[in-house]
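Student: Per the numbering used here, the very first residue in the sequence shown carries number 1; after that it's consecutive. What follows is a single structure, and I will ask about it in a moment.
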Amino acid sequence: DVSALSFHKVMQSLYKADAMNQWGSIVALTYMAAQRTFPDYNDMADNKAYLESVARSFGYFFGKEKQVRVNTISQSPTPTTAGQGVKGFGGFIAYADKMSPLGNATAQDCADYTVSLFSDLTKKVTMQNLFHDGGFSNTGVSQEVIEHFTE
Numbered sequence: 001d002v003s004a005l006s007f008h009k010v011m012q013s014l015y016k017a018d019a020m021n022q023w024g025s026i027v028a029l030t031y032m033a034a035q036r037t038f039p040d041y042n043d044m045a046d047n048k049a050y051l052e053s054v055a056r057s058f059g060y061f062f063g064k065e066k067q068v069r070v071n072t073i074s075q076s077p078t079p080t081t082a083g084q085g086v087k088g089f090g091g092f093i094a095y096a097d098k099m100s101p102l103g104n105a106t107a108q109d110c111a112d113y114t115v116s117l118f119s120d121l122t123k124k125v126t127m128q129n130l131f132h133d134g135g136f137s138n139t140g141v142s143q144e145v146i147e148h149f150t151e
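Below you can see the structure in the form of structure tokens.
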């Protein structure tokens, strides 16, 4: 039961205890429903928007005072225990895969990307919501979707 409020409390505790190393990194997973409407995603979309806001707010103070990076990753729809509780989630996955030039990113792809945010190669990346979705977030419409509706 990790939520945006839990994320806030964990970062607040880390900050107050000065428990993060200089140039350390904190990463949370989110979903683009924080910015767009998805049927049946409901309260989770609001929570994801709050999570991203908390990351930006703490990212400023952590960065300024302790050189700690705070980011969120907006992952492709990925089959998870939590995601399976969302009505129509299989449809989200299929649609995103057809819209994404590179296809949906897998959970392993996301794990690999997340690891990069803990490296020195990304030490100047902070306060960002980083889309890891095969290009879905910047695709207006794909040829596959057009063909589906013109058949």
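The beta carbon of each residue, even a glycine, is placed where N, CA and C say it ideally should be.
1. For residue 54, which of 127, 80, 77 and 140 has the nearest alpha-carbon?
2. Less than 8 Å between the CB atoms is what I'm expecting for residue 96 and residue 77, so what's the real figure, rounded?
3. Would the region 58-66 count as touching the region 11-26 if we require 3 or more Cβ pairs under 8 Å?
4. Could you check if residue 72 is buried or exposed, using at least 16 other CB atoms within 10 Å of its CB as the buried criterion?
5. Starting from the C-beta of residue 25, find all residues in its chain whose C-beta is less than 6 Å away, skip the five residues before and the five after it, and write them out in chain order.
6. Mind checking which residues open and close the alpha helix (DSSP H) that includes residue 56?
7. Check the C-beta distance from residue 74 over to residue 137 and give it rounded, since I have them as a contact under 8 Å.
8. Could you say which of 87, 67 and 100 lies nearest to residue 20 if we only look at CA atoms?
9. Run through DSSP, which three-state label would residue 70 get?
10. When you compare each of 139, 145 and 52 to residue 130 by their alpha carbons, which one comes out closest?
11. Shortest alpha-carbon distance to residue 140 belongs to which of 98, 81 and 79?
12. Could you name each continuous alpha helix (DSSP H) segment of 4 residues or more that falls completely within the region 67-147, going from the start of the chain to the end?
13. Using the beta-carbon count (16 or more within 10 Å), is residue 107 buried or exposed?
14. Taking the alpha carbon of residue 7 as the point to measure from, which residue in 100, 36 and 57 has its own alpha carbon closest?
Tutor: Walking through what the data contain:
1. Here residue 54 refers to the residue found at position 54 when the sequence shown is read from its first residue. The shortest CA-to-CA distance from residue 54 to any of 127, 80, 77 and 140 is the one to 127.
2. Your numbering for residue 96 matches position 96 in the sequence shown. Your numbering for residue 77 matches position 77 in the sequence shown. Correct: roughly 5 Å between the Cβ atoms.
3. yes
4. Position 72 of the sequence shown holds residue 72. Counting Cβ neighbours within 10 Å, residue 72 comes out buried, since at least 16 surround it.
5. If you number the sequence shown from 1, residue 25 lands on position 25. The answer, listed in chain order, is 69, 117 and 118.
6. Along the sequence shown, read from residue 1 onward, the residue named residue 56 stands at position 56. Looking at the DSSP string, the run of the alpha helix (DSSP H) that includes residue 56 is 43-66.
7. For the purposes of this step, residue 74 is taken as the residue at position 74 of the sequence shown. For the purposes of this step, residue 137 is taken as the residue at position 137 of the sequence shown. Correct: roughly 7 Å between the Cβ atoms.
8. Sequence index remark: in the sequence shown, residue 20 carries index 20 (1-based). Nearest of 87, 67 and 100 to residue 20, Cα basis: 67.
9. Residue numbering aside, residue 70 sits at position 70 when the sequence shown is read from its first letter. Looking at residue 70 - three-state DSSP - the assignment turns out to be strand.
10. As a position in the sequence shown, residue 130 is number 130, starting the count at 1. Measuring C-alpha to C-alpha distances from residue 130 to each of 139, 145 and 52 identifies 52 as the nearest.
11. As a first step, residue 140 is located in the sequence shown; it is residue number 140 there, counting from the start. Looking at the Cα atoms, 98 is the closest of the given residues.
12. 89-99 and 107-116
13. Start at 1 with the first residue of the sequence shown, and residue 107 comes out as number 107. The residue in question, residue 107, is exposed, as its Cβ has fewer than 16 Cβ neighbours within 10 Å.
14. Indexing the sequence shown from 1 puts residue 7 at position 7. Answer by Cα proximity: 57.
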